[in-house]
Amino acid sequence: NYFQIYQYQIDVEVLIKKTIKGKSKIIRKRITNRALIRQYFWKCVRQYRDVFGSHFQIVFDDFENAFTRERWKFRDEETFKMGGNTRNETIYVTATEGKLFHFDIASQDVTQRSLSTLLANTIFTQRARYAPADDEIDEREFVEKWLLCRSSIYFITREQQLLSNPELCGPVIAPGVRAWLGAYSSVKTLENSNYALAFGLVNSLFYELDMDLITFYYNVVKQVGLHRGDQQSFEEVLKRSKKLAMNSSQRKDLQSHLKGVRVKTNEAILQRDDRFVLVERHGVFEDVLNYSPSTYQMPDGKLMVEVYHHLGRRLQQALLL
1 NYFQIYQYQI
11 DVEVLIKKTI
21 KGKSKIIRKR
31 ITNRALIRQY
41 FWKCVRQYRD
51 VFGSHFQIVF
61 DDFENAFTRE
71 RWKFRDEETF
81 KMGGNTRNET
91 IYVTATEGKL
101 FHFDIASQDV
111 TQRSLSTLLA
121 NTIFTQRARY
131 APADDEIDER
141 EFVEKWLLCR
151 SSIYFITREQ
161 QLLSNPELCG
171 PVIAPGVRAW
181 LGAYSSVKTL
191 ENSNYALAFG
201 LVNSLFYELD
211 MDLITFYYNV
221 VKQVGLHRGD
231 QQSFEEVLKR
241 SKKLAMNSSQ
251 RKDLQSHLKG
261 VRVKTNEAIL
271 QRDDRFVLVE
281 RHGVFEDVLN
291 YSPSTYQMPD
301 GKLMVEVYHH
311 LGRRLQQALL
321 L
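Numbering (the UniProt record's numbering), first residue to last: 1 to 321.
Quick look at the structure:
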């Protein structure tokens, strides 16, 4: 017997209210950033739990396909409304009923086999890709232990562990380059043309650079010949000017060069009850937003730069990103 699975199409849009030259303007556009889609989808699932059920019953590919064994409590199509990351944003998540299929990676039906394969390739890393709420302590602690790279998953070793055992993450191959041991799953075609779900171990090389993102970006563009200056002059410019900013074209260039770079910070803001704290976070660079810490509003209305100031952190380039 094969599992019966419901597949849904997911579409996430943002409505932004802006005031330009004293006139109000409303912009509504589809979100394509996978990190934001993942964040808003799981926020919607939690906010409308009576419709979707428990998040443990759902598999989501972080873009447009959701799978569940329990049919959601609506017919055909439904749009769900909720708040965004700022006061000026409203998020709309639209879920549309897709296919009802049986999980069978060897099915003769092409659609059923394709959906089964997508589900099989996605479910292995699902829990580590879940976007937990701030108060889901256990879920957040679990997610923060893993690094995702394509279809593979790697255990993150914290700095305290590395100090006592530097080889926990794998051997250092070259200065700044370490081999990490991970696990993966995929659907394979056997010699007899049958299909099988395979699990295995994989070694991948990662750069481990103790460098801030802007300096790293400078080195990237310098290496590809887009900047002819020297490192010393660039660092001096950063020290002298605290009001550097990027225009739209420069933000697009940065996004194109750094998209997919894995980053770590020890000073990510997390709200716990009625206060903010700084925590360690690992992630993947996705995009540059069209506002800086000096204009970005936290959910409680405070500016991000103000929150950092109250936490004893002074941003060196509050307008740059």
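Built from N, CA and C at the ideal position, the CB exists for glycine as well.
Going by DSSP, what residues sit across from residue i in a beta bridge?
| i | result |
| --- | --- |
| arginine 178 | Val172 and Phe206 |
| isoleucine 58 | Thr68 |
| valine 14 | Lys29 and Ile91 |
| cysteine 149 | Ser152 |
What whole-angstrom Cβ distance do residue i and residue j have, given they're in contact under 8 Å?
| i | j | result |
| --- | --- | --- |
| lysine 73 | valine 51 | 5 Å |
| arginine 272 | aspartate 104 | With a Cβ gap of about 45 Å, arginine 272 and aspartate 104 do not count as contacting. |
| threonine 122 | valine 59 | 6 Å |
| asparagine 88 | lysine 17 | 5 Å |
| leucine 254 | tyrosine 217 | 6 Å |
| alanine 179 | leucine 201 | No, alanine 179 and leucine 201 are not in contact; Cβ-Cβ is about 12 Å, not under 8 Å. |
| glutamate 286 | asparagine 33 | 5 Å |
Let's test the definition: count the other Cβ atoms within 10 Å of the Cβ of residue i and tell me whether it reaches 16, buried, or not, exposed.
| i | result |
| --- | --- |
| valine 177 | exposed |
| residue 341 | Nothing about residue 341 can be reported from this structure: the residues present for the chain run from 1 to 321 only. |
| glutamine 7 | buried |
| serine 152 | buried |
| valine 263 | exposed |
| phenylalanine 3 | exposed |
| serine 292 | buried |
| threonine 19 | exposed |
Alpha carbons only, please: which of the options is nearest the one belonging to residue i?
| i | options | result |
| --- | --- | --- |
| leucine 311 | Asp287, Val277 and Glu286 | Val277 |
| phenylalanine 206 | Tyr154, Tyr217 and Leu254 | Tyr154 |
| glycine 98 | Thr90, Asn85, Phe67 and Met82 | Phe67 |
| isoleucine 173 | Val187, Ser193, Leu147 and Asn203 | Asn203 |
| arginine 127 | Ala245, Val143 and Ser114 | Val143 |
| valine 279 | Gln108, Cys149, Thr19 and Tyr308 | Tyr308 |
| arginine 150 | Ser116, Asp61 and Arg75 | Asp61 |
| valine 220 | Val261, Ser248, Asp11 and Asn192 | Val261 |
| serine 54 | Arg71, Phe63, Gly84 and Glu306 | Arg71 |
| phenylalanine 56 | Glu286, Glu64, Val45 and Ser107 | Val45 |
| alanine 120 | Tyr92, His102, Ile37 and Phe285 | His102 |
| glutamate 77 | Ile137, Gln9 and Lys43 | Gln9 |
| serine 266 | Thr79, Arg69 and Met211 | Note that residue 266 is asparagine in the sequence shown here, rather than serine. Residue Met211 is the option with its Cα nearest to asparagine 266. |
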